[in-house]
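The working numbering applies: residue 2 is where the sequence shown begins, and numbers increase by one.
Take a look at the structure below.
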Amino acid sequence: MEEAAHKKIIFSGIQPSGDLTLGSYMGAIKNWVALSDEYECYYCIVDMHAITVRQVPADLRRRALSQLAQYIACGLDPKKNTLFIQSHVPAHAQLGWVLDCYTMFGELSRMTQFKDKSSKNADNINAGLFTYPALMAADILLYQTDLVPVGGDQKQHVEICRDIAMRFNNIYGDVFTIPEPYIPPTGARIMSLTSPENKMSKSDKDPGGCIYIMQSPDDIMRCFKRAVTDSETGHCVYACPEKLGVTNLMQIYSVCTGKTMDEIEAEFDGMGYGAFKPAVGEAVVETLRPIREEAERLMKDKAYLEDILRDGAERAAYAANRELIYGALTDMGYACARPDGAFYLFLKSPEPDARAFCRRAMDYDILLVPGDDFGCPGYARLAYCVARSQLQRSLPAFRKLAESYGLSK
Ligand code: TRP
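Structure representation (structure tokens):
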């Protein structure tokens, strides 16, 4: 427990807008697996971001569950990582709204993903698409995240998250940890098979450009046989900036086989693209086969997946609420509304020892419970749930208590 507290925190998310791609497997998830011992990791299925474009309800539901199965099949151990669905943890929406109010119109207008997505969805440029980065900032800041593993296309979003967090901290003190983008040491950037100048992506116009981890071996082979290379005479297999297609295929082959670029060049020396492309296809098929089979098996075990989701949401909600309720919202001046309609008031102890703070509060007829009881050292909670009107009546007492610490306005 002691040790866990010192681990750095990692948060990342992927939209359940389709099956995971070979690009996200090789570029992201494969690396996530390696991080779980050293870091405390939260991996989120961001279904709230997904509705910034229209979704078919049944598909969205199925994909969220299937994405979880795919995460686990890729090697993410649900015991070592917190795997959960964003919409299961309402704190994301709560902090998302708060951060909307600390995010500027101008900075959102400059986001390249917004410009890009709004030009592709001209008939549905909704406010959610615009404020997407504030919700993403909430995802990250809710867990006091240190590191955010993301691809290059998401770096701008991590930047704006940092800006929002610093703005908030400038006003209220050290509320949020300022996160850093995390570029894994062995991150592969997998490009489209048909337009290798673009990243492999679900939104590729040519369906042959993107490989999915759940795709059938026949389909995968077909895509690799059609993969774009170049017309250089001799069809030599070597990596260079002019041969984007071949370089990308070599990279994919390298991730599958563990061979270096030099070894691959030697292996296919004199054989041409006709032999090279199917060989890459075969290697990918064999790499993905156990993952696909495991994901298919897990998809048949809905009860197991739902258990994982319940457990993940519970763990995530605990951590998120601790930061949100005991941190951002109180610092900002909210008393916390409870679902039962009553109020708890959380106070940050002005003394290092929350117990001493509670003892002192008794002198002012305020009954406080030190935070340790509910897992949050350094804070105290009003001992009983009070109605709004009672809270009003206790205000003079709180004022006196605050004055005794020299905190009065
Ligand atoms: N915007 C990310 C993407 O499209 C997904 C995402 C949402 C995310 N929230 C996040 C990524 C928080 C990292 C951290 O890929």
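Quick reminder that beta carbons are idealized off the backbone N, C-alpha and C, glycines included.
Fair warning: this is a prediction, and the values are worked out from it, not measured in the lab.
When every heavy atom of ligand 1 is checked, does at least one fall within less than 7 Å of the C-beta of M251?
No, Cβ of M251 sits at least 7 Å from all heavy atoms of ligand 1.
Nearest to M49 by alpha carbon, out of Y319, T132, M167 and V229?
When each option's Cα is compared against that of M49, the closest is T132.
Close Cβ partners of R356 (< 6 Å) along its chain, the five nearest in sequence each way excluded:
Cβ within range, chain order: P371.
What is the rounded straight-line gap between the Cα of R163 and the Cα of G152?
16 Å
Look at the Cβ atom of S13, then the Cβ atom of A51, and state whether they are nearer than 8 Å.
no
From what residue to what residue does the alpha helix (DSSP H) around P17 run?
Segment: none, P17 is in no alpha helix (DSSP H) and carries neither H nor E.
Coarse secondary structure for M49, derived from DSSP in three states:
helix
Contact under 8 Å by Cβ, S25 with I11:
no
If you follow the beta strand (DSSP E) that P371 is in, where does it begin and where does it stop?
L369 to P371
Indicate the three-state DSSP secondary structure (helix, strand or coil) for A94 in the structure shown.
helix
Can you tell me which residues form a DSSP beta bridge with M192?
K200
Work out the CA separation of L348 and I165 for me, nearest whole Å.
Roughly 24 Å separates the two Cα atoms.
Coil, strand or helix - E181 by DSSP:
strand
Report buried or exposed for S193, applying the criterion of at least 16 other Cβ atoms within 10 angstroms of its Cβ.
buried
Using the C-alpha atoms, what's the distance from E160 back to D101?
16 Å
Following the continuous alpha helix (DSSP H) through Y319, name the residue where it begins and the one where it ends.
K303 to E324
Ends of the alpha helix (DSSP H) at T83?
No alpha helix (DSSP H) holds T83; the beta strand (DSSP E) holding it covers N82 to I86.
For ligand 1, any of its heavy atoms closer than 7 Å to the Cβ of Q155?
yes
Pair every Cβ in the segment 34-46 with every Cβ in the segment 70-83, then say whether three or more of these pairs are closer than 8 Å.
yes
Buried or exposed: where does E324 fall if 16 or more other Cβ atoms within 10 Å of its Cβ makes it buried?
buried
Kindly list the residues whose CB is nearer than 7 Å to the CB of A92, restricted to its own chain and excluding five residues on each side of it in sequence; keep chain order.
L143, A318, A321, N322 and L325
Considering only the alpha carbon of each residue, which of I367, Y43 and S255 lies closest to D140?
Y43
What is the residue span of the alpha helix (DSSP H) that A128 lies within?
A128 to L142 is the extent of the alpha helix (DSSP H) around A128.
How about L137: is its Cβ closer than 7 Å to a heavy atom in ligand 1?
Residue 137 is actually Met in this sequence, not Leu. Yes.
Let me check you understand the geometry: is the CB of V54 closer than 7 Å to at least one non-hydrogen atom of ligand 1?
no
From the DSSP secondary-structure annotation, give me the bridge partner or partners of A381.
L348 and P371
Using C-beta distances below 7 Å, list every residue in its chain close to G174, excluding the 5 sequence neighbours before and after it, in chain order.
D332
Of the residues D302, M222, S202 and L136, the one placed nearest A280, counting alpha carbons only:
Looking at the Cα atoms, M222 is the closest of the given residues.
Using three-state DSSP, classify T248 as helix, strand or coil.
helix
DSSP on T288, reduced to helix/strand/coil?
helix
If you reduce the DSSP assignment to three classes, tell me which class C257 lands in.
Collapsing the DSSP output to three states places C257 in a helix.
Minimum C-alpha distance to A138 - residue among M112, N82 and G97:
G97
For F358 and A189, I'd like the C-alpha separation in whole angstroms.
52 Å
Between the C-alpha atoms of P180 and C237, what's the straight-line distance to the nearest angstrom?
44 Å
Enclosing beta strand (DSSP E) for L408 [first to last residue]:
L408 -> no beta strand (DSSP E), and no H or E assigned at all.
Can K256 and M27 be called in contact, C-beta distance under 8 Å?
For clarity, residue 256 is Val in the given sequence; the question names Lys instead. Yes.
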